[in-house]
Each structure stands twice: as structure tokens, then as C-alpha cells.
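So the structure is just underneath, and the comments pick up after that.
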Amino acid sequence: MRIVSFNANGVRSAAGKGFFDWFADQRADVLCLQETKAQEHQVSGPEFLPKGYKAWFRDATTKKGYSGVALYSKHEPDEVRTSLGWAPFDDEGRYIEARFGKLSVVSFYIPSGSSGDLRQGFKFEVMEWLRPILHHWLHSGRDYVLCGDWNIVRSELDIRNWKSNQKNSGCLPRERDWLNGMCAQKGGWVDAYRALHAEGQDYTWWSNRGAARAKNVGWRIDYQFCTPSLRDKLKACAIHPTPRFSDHAPFVVDYNL
């Protein structure tokens, strides 16, 4: 099973840069999109739906052209969920889950706090609110793959400029402790990339400032976390910085399912 996760930073923009042509060649089973920045009716045309796939969306209702997640699949899910029960998070279009038998695939878009204290405070609220939900999923007996842009790096391996970003959102000790806490516990969530590349230093996002992409001054903030039941099912993964469809790169993971 091949799962692709990608923050499109506007799915219409990414489509115009050839993303869906690229995706059609990936032979993927599931695509998890984040930051669609569109309402569903704006992306219902054939240019947004590769042949052989169906799509489900959770748009932001707080304001148009903001946030939003989507999930594309070759196979019809048994169920699609778009709400976790907390309006401030749900209404920004940050979660969608498809259930295939015992397997759940989630597209998550965790808030960024880079715009200032107000959004950083909301990000911390989201982190604490998600903690028991993620714990419940981990011990539910279901197989989960959590895809998405988490807007947090885990370690020095995941960011080019480690020291200079210690006080910046996405690299704050409190954020890293929360994310690493998900994985550090025995039987915790498995970071698919790190499980397959223990010392890898690949990035998934680059600022649009200062030629960061050309200089590969990046951050790894896009993940696929899976339940321990899937650790031995991890086969391979790849980050695709080129072609460039967004300020993020698609992240592809193959599972032996």
C-alpha cells in the first residue's frame, strides 16, 4: 500500500504546477492533502481528480481559502470522518480520516504558530487537546497511519539551522517534547521516515525567503506516524523535493499490507 502525504499550499496552485499529473504516475493507493485553501466545489473538476480515484474533503468553515484537508483513494473507504468534536479545530478543516477495515488513514494539518502569540497559543491548545485522542487511537487495536503537516521538527537532524531556531515556532522545546513524547514511549507512534532512515537529514519544507530551497535550508515537518503494529510493514519511503509544486515536498511511504 502506497500512501502519499502532501501540503499543497493551495491545491489549485499545485494542480496548475502539474501535481496531479505527477501523482497519477505514483501508483499510490491513498493521497492525504493538507492546506487545500479551497472549498470542495472549487476543486471538483476532472483536473483535480486523477482517473481511478475518489476524493473526500474537509474545508475550513471559519474563512474561505484557508487551511482545509482532503483524502483521495482508489478504494472506497468503509467510513470517512471529518470531525474530532472540538469546533475551533474542526472548523478550520484540519482533520479527515478514512477507515478501511481495521486500518485508518488520517490527513492532519496541525496549526502553525509562526504568525504570533495568538496562534502559537492555539497551537499549544491543540497539542494538549490531541494528546488523549492520539493515546486512545494508539491503544484502540486499530492500525493507524497519521499523515500530514505537523509544523514541528523532532530533532537537530530535521532542520538545517538548529541553534538559530530554538526560539521559533516549530522548533520550540515544548513542541518538540510533545511530538517526541508521542514516539519515545515504549509502544509509541512510529515515525515512518525515521524508522527507515535513522540518521537521514532530508527536509519536507523550505521557506520562500532567502533562496532557502536552492540552498536546502529546510525543515522536516511533514510526517507519516503509524501504530507499532505497522512498524514491520514499513517497506520504503521517499521525499520528492522536485518537481516543485509547493513550499512543501510530497512524502511517500510504502507499506507491506
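Residue numbering for the sequence shown is 6 to 262, as defined by our numbering. Even glycine gets a Cβ: it sits at the ideal position worked out from N, Cα and C.
Buried or exposed: where does residue i fall if 16 or more other Cβ atoms within 10 Å of its Cβ makes it buried?
i: Q206; result: exposed
i: W155; result: buried
i: D30; result: exposed
i: A203; result: exposed
i: S174; result: buried
So, using beta-carbon positions, are residue i and residue j closer together than 9 Å?
i: D252; j: S212; result: yes
i: E45; j: S72; result: no
i: C152; j: V195; result: no
i: D227; j: F250; result: no
i: A254; j: T209; result: yes
i: V258; j: R99; result: no
i: C37; j: F62; result: no
i: W134; j: W183; result: no
i: V150; j: L235; result: yes
i: F25; j: L54; result: yes
Provide the residue(s) that pair with residue i in DSSP beta bridges, ordered along the chain.
i: R179; result: For R179, which the question treats as bridged, DSSP gives no partner whatsoever.
i: K59; result: S78
i: V131; result: Looking at the DSSP assignment, V131 forms no beta bridge with any residue, so it has no partner.
i: E270; result: Residue 270 cannot be examined here, being either before or after the span of the chain that is shown, 6 to 262.
i: Y71; result: The partner list for Y71 (beta bridge, DSSP) is empty, contrary to what the question assumes.
i: N12; result: Q39
For residue i, which of the options has the nearest alpha-carbon?
i: G15; options: V74, G57 and G186; result: V74
i: P277; options: F129, F105 and G106; result: No answer is possible for residue 277: it lies beyond the span of the chain, which begins at 6 and ends at 262.
i: Q39; options: Y58, R17, R147 and S119; result: R17
i: F230; options: P246, T87, D95 and W142; result: W142
i: A103; options: F53, F24, D34 and R199; result: D34
i: L239; options: A200, N221 and H245; result: A200
i: N261; options: F24, S88, K191 and D148; result: D148
i: Q47; options: G193, I157, A20 and L89; result: A20
i: S88; options: R124, R159, F113 and K191; result: F113
i: T66; options: L108, D83 and A43; result: A43
Original post:
What are the complete beta strand (DSSP E) segments, minimum 3 residues, inside the stretch 20-56?
Top reply: 35-39
Original post:
If you scan the stretch 145-226 from start to end, which runs of the alpha helix (DSSP H) of 4 or more residues do you find wholly inside it?
Top reply: 178-189 and 197-201
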